[in-house]
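Under our numbering, the sequence shown has 250 at position 7, and the numbering climbs by one with no breaks. Structure, as structure tokens:
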Amino acid sequence: MKRAVNNLILVLFVLGMVIGAGYYLTNQSLYVTSEIAQVTAEMVPVYPDQAGVLKEWAVEEGDSVEKGQILGTETLLQSGRPSDEESDAPLTQSITSPYSGVLVKSNAVPGKVVRPGQPVAMVADLSNKYIVAYIDETEIDRVKPGKKVDITVDAFKDRIFKGKVQKIGSTAGDFTNPSASTDSQNENKKVQRVPVQIVFDDQINVNLMPGMNAEVKIQS
Numbered sequence: 244m245k246r247a248v249n250n251l252i253l254v255l256f257v258l259g260m261v262i263g264a265g266y267y268l269t270n271q272s273l274y275v276t277s278e279i280a281q282v283t284a285e286m287v288p289v290y291p292d293q294a295g296v297l298k299e300w301a302v303e304e305g306d307s308v309e310k311g312q313i314l315g316t317e318t319l320l321q322s323g324r325p326s327d328e329e330s331d332a333p334l335t336q337s338i339t340s341p342y343s344g345v346l347v348k349s350n351a352v353p354g355k356v357v358r359p360g361q362p363v364a365m366v367a368d369l370s371n372k373y374i375v376a377y378i379d380e381t382e383i384d385r386v387k388p389g390k391k392v393d394i395t396v397d398a399f400k401d402r403i404f405k406g407k408v409q410k411i412g413s414t415a416g417d418f419t420n421p422s423a424s425t426d427s428q429n430e431n432k433k434v435q436r437v438p439v440q441i442v443f444d445d446q447i448n449v450n451l452m453p454g455m456n457a458e459v460k461i462q463s
């Protein structure tokens with residue numbers, strides 16, 4: 244009796260291993276997966292028009308802003324003043340948002356010198372969110388524009404968002420490329436990762452924010 248029970252346990256164990264291996268191989272053949280992915284949105288930098296010292300800053304990261312909204316003020320440096328202004332009269336100028344969206348990054352520090360060409364903040368267009376996933380170059384030939392994608396965001400583990408591949412970059416393309424991984428069969432060979440832009444199929448009704456980590460399963 245005991246021997247029969249042990250044999251049954253062994254059979255069930257082997258059967259479980261076979262089913263698990265079959266599921267893994269099927270999953271590998273049908274999907275290209277990546278755990279290196281993030282929610283992204285179109286980013287617009289906020290620049291001062293002239294060089295000056297930041298006097299006030301009225302918004303924080305996460306605040307919604309409107310195009311043209313005053314975000315802060317600066318006291319212009321002497322070199323930025325109009326020639327007909329009194330040299331001893333402080334002249335201030337507003338720094339405004341160039342876009343409607345959400346302030347996702349701020350480098351603004353009152354008292355700090357700000358200059359044109361050096362962004363003091365970033366505004367994100369949250370009406371146009373997408374995913375950037377990084378795929379090993381050894382698998383990128385299985386990824387094509389239009390392919391369906393299952394998306395899981397770490398902050399909403401209980402939901403699967405549907406999307407599709409919109410654009411495939413290059414290892415030195417338009418997106419920031421994380422460090423390469425090491426080939427498991429050749430420790431001296433670095434496997435490059437290729438950025439893939441994935442758009443959501445439907446309007447998202449949860450608060451996905453740029454920078455949130457995600458995982459993707461792309462149908463191959």
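Heads up, the beta-carbon is just placed ideally off N, CA and C, and yes, glycines get one too. The structure displayed is predicted, hence computed values, not measured ones.
| Query | Result |
| --- | --- |
| Closest Cα partner of VAL345 within the set GLN336, LEU334 and GLU309 | GLU309 |
| Whole-angstrom distance between ASP368 and LYS391, CA atom to CA atom | 24 angstroms |
| Cβ-based neighbour list, GLY315, same chain, cut-off 7 angstroms, excluding 5 preceding and 5 following | LEU297, GLU299, TRP300, ALA301, ILE338 and ALA351 |
| Separation of ALA284 from ASN456, as counted between CA atoms | 13 angstroms |
| Contact under 7 angstroms by Cβ, VAL366 with VAL275 | no |
| Coarse secondary structure for ILE383, derived from DSSP in three states | helix |
| Inter-residue spacing [alpha-carbon to alpha-carbon] between VAL289 and SER370 | 18 angstroms |
| For ALA294, the first and last residue of its enclosing beta strand (DSSP E) | Taken as a continuous stretch (DSSP letters only), ALA294 belongs to no beta strand (DSSP E), as it is neither H nor E. |
| Environment of VAL357 [buried if 16+ CB atoms lie within 10 Å] | buried |
| Buried or exposed by the 16-neighbour rule on C-beta atoms within 10 Å, applied to PRO453 | buried |
| Outcome for GLY295 when other beta-carbon atoms lying within 10 angstroms are tallied against a minimum of 16 | buried |
| Secondary structure of ALA398, DSSP reduced to three states | helix |
| Closest Cα partner of THR381 within the set ILE411, VAL282, VAL437 and GLU278 | VAL437 |
| Assigned secondary structure, MET455 (DSSP; H/G/I helix, E/B strand, else coil) | coil |
| Backbone CA spacing between GLY360 and GLY354 [nearest angstrom] | 18 angstroms |
| Residue range of the beta strand (DSSP E) that includes GLY320 | In the sequence under discussion, the amino acid at residue 320 is Leu, which differs from the Gly named in the question. Run containing LEU320: none; DSSP gives neither H nor E here. |
| Nonlocal neighbours in the same chain, by C-beta distance under 6 angstroms from VAL442, ignoring five residues either side | TYR373, GLY406 and GLN409 |
| Euclidean distance between Cα positions of VAL449 and ASP401 | 12 angstroms |
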